[in-house]
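Taken in sequence, the protein lines are chains X and C.
When we follow this note's numbering, the leftmost residue of the first sequence carries the number 2, and every step to the right adds one.
When we follow this note's numbering, the leftmost residue of the second sequence carries the number 3, and every step to the right adds one.
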Amino acid sequence: MVTEYKEGAAGTEYSKRDFKVVGTRPPRPDGVDKVTGRALFGADLTAPGMLHATILRSPHAHARIVSIDISGALALDGVKAVVTSNDFVKQGSSGNQDTLDNCMARGKVFYDGHAVAAVAAVSVKVANEALKLIKVEYEVLPHVTDVDAGMLDSAPVLHEGRKFRNIPEGNNANVSGYWEFGHGDTDAGFAKADIIVERSFKTAATHQGYIEPHATLATMGPDGRGEIWACTQGHYMVRDMAAAFVGMDTSQLRVTPSEIGGGFGGKTTVYLEPVALALAKKSGRPVKMVMTREEVFRASGPTTSSSTDVKIGMTKDGRITAGQAKLRYQGGAYPNITAMLGAMTAFAAYDLDAVQTLAWNVLTNRPKQAAYRAPGAPMAIYAVESVVDELCQKLDLDPIDVRLMNAAKKGTLSSYGPTFDEIGLVATLEAAKAHPHYAAPLGPNQGRGVSCGFWFNFAGNTSVSMGINEDGTVSVIEGNPDIGGSRASISMMAAEELGIPFDKVRTIVGDTNSIGFNDVTDGSRVTFSVGLATIKAARAAIKNMCGRAAQVWGIDADAVDWVDGAAVPMGHNAGEFPPMTLAEIAKDSAKTGGPIAGHHEVNADGAGVSFGVHLVDVEVDPETGFTEIKRYTVFQDAGKAIHPDYVEGQMQGGAVQGIGWALNEEYIYGEDGKLQNAGFLDYRIPVASDLPMIDAVILEIPNPGHPYGVRGVGETGIVPPLAAVANGVSHAAGVRMTELPMSPPRILAAIDGAK
Amino acid sequence: MVKVNLWGSLRSATGGLTEVEVDAKNTGEMLKALAEKYPALDEIIEGGVSVAIDGLIYKEAWFTPIRPDSEVVLMPYMKGG
């Protein structure tokens with residue numbers, strides 16, 4: 002369901018228009034390839050003489066590497082190369098060095114599954130046999146996997162002697178980041194409150210759960226030129242990282258992205274690619290690497306786990322007088338900014354006079370976290386929205402009315418600093434309140450949960466090129482792997498701007514040598530940034546085509562306009578000429594000056610923030626603690642929905658991943674610091690049979706920063722479900738739930754504890 | 003002069019201030035002036051920051067104009083998934 006534009010919103014890029022292609026729902030251009038098996042994913046490519054490589058991983062959560070003896074592996078028949086950290090180039094920046102050290106441990110292993118060495122051999126079987134012949138002497142060290150335990154003075158220190166920036170006195174050496182945000186006097190705000198609720202919450206680390214494991218194929222010739230084929234969210238990032246790690250110029254490494262079987266943020270970094278390239282360099286043969294599912298869980302980034310204290314004051318009529326949150330996140334063995342993003346987003350949905358958030362990142366003996374849809378926000382907003390819900394419950398107030406009373410809107414000083422421009426939170430709350438779901442009766446043991454959510458959305462470096470073909474069709478090259486339908490939306494925006502049918506345009510994702518640089522596909526940036534660049538590339542091509550028509554007509558180029566896919570004289574003074582269509586101009590392009598193309602390169606800004614509201618009805622079985630999702634509706638300010646099917650899919654997908662986070666998913670570590678559930682049998686993500694249809698209501702509040710009003714939509718959908726489901730379960734079970742996942746044993750224990 | 007709001011934990015780099023003033027007409031000048039006036043901010047700015055001008059967040063855009071009455075907020079470098 003799509004709600005129409007609101008009038009009155011306009012910005013420097015946006016202008017209201019009637020769309021012909023944008024907003025329709027054509028069949029997805031990658032659909033046939035994917036259902037017939039023609040699409041090539043990371044593991045699908047082979048090369049003549051190709052080797053297979055596998056990785057030796059640490060059996061310890063924390064240990065010093067005393068020595069590595071690879072001689073036994075090298076002596077095995079069929080082994081062509083072995084690499085360790087000694088085969089990579091030391092990096093100038095700590096961020097790159099951390100990423101490299103995560104690909105191949107240097108000096109210490111920091112978690113169960115940390116890569117120690119890699120073998121390339123004639124088969125996976127031989128490579129795995131060779132791994133057994135590598136002798137690693139470890140000095141096992143004490144470990145810590147819990148965020149709160151990691152902050153204690155007694156905790157083992159992971160990075161001895163490493164100094165992190167801006168850490169206040171009193172924090173131990175595992176605290177790698179500290180941030181504060183907010184404004185106003187919280188003490189005065191709490192003094193004005195009629196009621197204050199303070200609660201502590203914990204969330205487990207969860208994996209992005211993409212279906213396709215990491216996979217790559219690398220080659221490196223004796224001329225020093227390399228090629229990588231990889232399943233990734235950013236092939237320019239892969240190129241830059243892999244080239245730097247093996248010590249070669251980026252121009253000599255070409256990276257081609259495969260189709261991608263899910264990423265959700267987890268494929269915004271490198272794991273295998275530099276290792277495969279180093280092995281290819283050493284062996285002189287193509288090297289293929291494919292992670293097993295167990296390796297995906299043990300060694301590729303899950304998100305952070307969290308421990309959060311929230312305090313909110315409210316008046317009897319529902320006005321929030323002050324809010325405070327203390328967020329402690331752990332994202333494994335290397336620094337990250339996820340806690341910071343949690344602190345920035347925790348109270349973003351509210352218009353508050355007094356708000357303060359404090360955040361700490363704590364290093365632990367777990368895998369290096371990777372981004373996961375709206376990193377940091379779901380856990381922070383879970384804690385805040387749970388307390389808001391409890392306040393509503395205690396004061397017997399309607400949870401949507403309270404959120405409307407306190408909602409951030411245009412002109413609100415946000416909790417993270419800037420003042421909001423046009424935003425759609427009030428519209429989403431009003432849509433939720435008016436929806437039949439909100440008034441539907443509940444049955445026994447059922448509860449209804451509500452939560453707001455927020456995400457920034459980002460933009461960034463983007464290049465797009467398009468060619469106008471002589472047959473009147475258009476070929477577009479973008480440089481961002483298509484993880485959410487960008488080939489469809491980019492083709493639609495190109496067709497819209499050029500005034501031609503959608504099926505006349507084909508968009509592909511080019512390799513790193515095809516067009517200029519592109520940032521990673523992350524931050525919900527692609528439909529916004531690549532769309533903006535596509536529209537401007539089309540405008541450049543249109544300018545060119547208007548010039549060709551002007552030449553043919555013998556009038557000034559300024560006297561030619563572009564209307565419905567054709568050049569037309571601009572008014573009677575320009576002369577009387579019939580419209581000259583794109584196809585007509587393209588057909589004669591060789592005679593009027595040569596090929597016609599358009600391109601645009603930009604570091605885009607103005608992505609526009611996004612809000613969502615989720616409603617969920619749950620039923621809790623008091624005998625077993627099992628929770629069933631009975632009904633779920635997502636409301637989201639999506640800006641202009643280019644292809645509403647994909648937008649709804651993003652909203653539904655975010656909700657489903659959030660439901661899994663709320664109810665089932667968690668990284669479980671034993672006392673030995675080893676991951677206990679590295680597989681989909683023991684780490685259970687929701688499947689279709691677990692869920693009802695997720696209804697999606699798109700609200701189109703145009704983003705002033707985009708010509709068509711587009712906002713990012715890929716991440717906001719995962720933010721509200723944790724709190725929405727927790728609030729629903731808390732009502733159904735009759736006890737406030739404060740730890741995720743709300744697995745049946747945890748719910749039963751809470752019910753028993755409340756008796 | 004431009005008023006720049008800083009996130010709270012930068013207070014230690016500015017002698018306790020979270021709102022500072024510098025002479026600048028665009029973001030590049032603003033960042034340079036901040037680093038000169040408060041040397042402890044230099045490493046943070048070099049490490050990557052975002053700047054919000056009148057509510058719009060910019061990353062690495064040196065030539066974005068700033069009006070004297072603009073709301074300017076120095077923000078950490080941010081990244082999504």
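Idealized CB from N, CA, C, for every residue including glycine.
Item, Value
"With a threshold of 8 Å between beta-carbons, can X:F298 be considered close to chain C, or not?", "no"
"May I ask you to report which of helix, strand or coil DSSP gives X:A441?", "coil"
"Measure the alpha-carbon distance for C:P78 versus X:Y179 and round it to whole angstroms.", "12 Å"
"Considering only the beta carbon of each residue, do X:S416 and X:Y351 sit closer than 8 Å?", "yes"
"Quick one, which residues of the stretch 38-53 of chain C are near chain X if we go by CB-CB under 8 Å, in chain order?", "E45, I46 and G49"
"Between the C-alpha atoms of X:G93 and C:G30, what's the straight-line distance to the nearest angstrom?", "24 Å"
"Using 8 Å for Cβ pairs, my map puts X:A560 next to X:A542. What's the rounded Cβ distance?", "Wrong, their Cβ atoms sit about 19 Å apart, outside the cutoff."
"Please check if any C-beta of chain C sits within less than 8 Å of the C-beta of X:R166.", "yes"
"Relative to the C-alpha of X:S124, which residue among X:C232, X:H63, X:V291 and X:Y15 is closest?", "X:V291"
"From what residue to what residue does the beta strand (DSSP E) around X:K133 run?", "Taken as a continuous stretch (DSSP letters only), X:K133 belongs to no beta strand (DSSP E), being part of the alpha helix (DSSP H) at V125 to K133."
"Inspect the beta-carbon positions of X:A300 and X:G43 and report whether they are closer than 8 Å.", "no"
"Mind the definition here: the stretch 218-231 of chain X touches the stretch 203-210 of chain X only if three or more C-beta pairs lie below 8 Å; say whether that holds.", "no"
"Could you tell me the boundaries of the beta strand (DSSP E) in which X:I630 lies?", "T628 to D638"
"Grouping DSSP H, G and I as helix and E and B as strand, with all else coil, what is X:G764?", "Because chain X is modelled from 2 through 756, residue 764 of chain X falls outside the range shown and cannot be assessed."
"By the 10 Å Cβ neighbour count, where 16 or more other Cβ atoms means buried, how is X:H573 classified, buried or exposed?", "exposed"
"According to the neighbour-count rule (16 or more other Cβ atoms, all chains shown, within 10 Å of its Cβ), is X:E14 buried or exposed?", "buried"
"Suppose you measure from the CA of X:T155 to the CA of X:A347; what does that come to, to the nearest Å?", "Reading off the sequence shown, one finds Ser at residue 155 of chain X, where the question assumed Thr. Approximately 30 Å between the Cα atoms of the pair."
"Nearest-angstrom Cα distance between C:P41 and C:A15?", "8 Å"
"X:A496 to X:G532, Cα distance in whole Å?", "11 Å"
"So which residues of chain X does C:G18 contact, with C-beta pairs closer than 7 Å?", "In chain order: nothing, as chain X lies at least about 13 Å away."
"On the criterion of 16 or more Cβ atoms from any shown chain inside 10 Å, does X:F246 qualify as buried, or is it exposed?", "buried"
"Quick one: is X:A76 buried, meaning 16 or more other Cβ sit within 10 Å of its Cβ, or exposed?", "exposed"
"How should X:N366 be labelled, buried or exposed, when 16 other C-beta atoms within 10 angstroms of its C-beta is the threshold for buried?", "buried"
"Anything in the stretch 337-349 of chain X with a Cβ closer than 8 Å to a Cβ of chain C? List those residues in chain order, please.", "I338, M341, L342 and M345"
"Using only CA atoms, which one of X:G38, X:K282, X:A121 and X:Q370 lies nearest to X:P303?", "X:Q370"
"Tell me which residue opens and which closes the beta strand (DSSP E) that X:F455 is part of.", "Q447 to W456"
"On the DSSP bridge assignment, give the partners of X:M315 in chain order.", "X:I196 and X:I321"
"For chain X, check one thing: does any of its Cβ atoms lie closer than 8 Å to the Cβ of C:F34?", "The sequence given here places Lys at residue 34 of chain C; Phe does not occur at that position. Judged by the 8 Å Cβ criterion, C:K34 is not in contact with chain X."
"Let me see if you follow: with CB-CB separation under 8 Å, is X:T207 close to chain C or not?", "no"
"For X:F20, count neighbouring C-beta atoms within 10 Å of its own C-beta (all shown protein chains included) and say buried if the count is 16 or more, exposed if not.", "exposed"
"At a CB-CB cut-off below 8 Å, which residues of chain C make contact with X:E716?", "G82 and G83"
"If X:V521 and X:V477 are in contact, beta carbons under 8 Å, what's the gap, nearest whole angstrom?", "The Cβ separation is near 20 Å, so there is no contact."
"Would you say X:K317 and X:D195 are within 8 Å of each other, going by their C-beta atoms?", "yes"
"In the DSSP assignment, find the beta strand (DSSP E) that holds X:W554 and state where it starts and stops.", "Per DSSP, X:W554 belongs to no beta strand (DSSP E); it is in the alpha helix (DSSP H), V527 to W554."
"Sorted by chain position, which residues of the same chain lie with C-beta nearer than 7 Å to X:K434's C-beta, five sequence neighbours on each side aside?", "I401"
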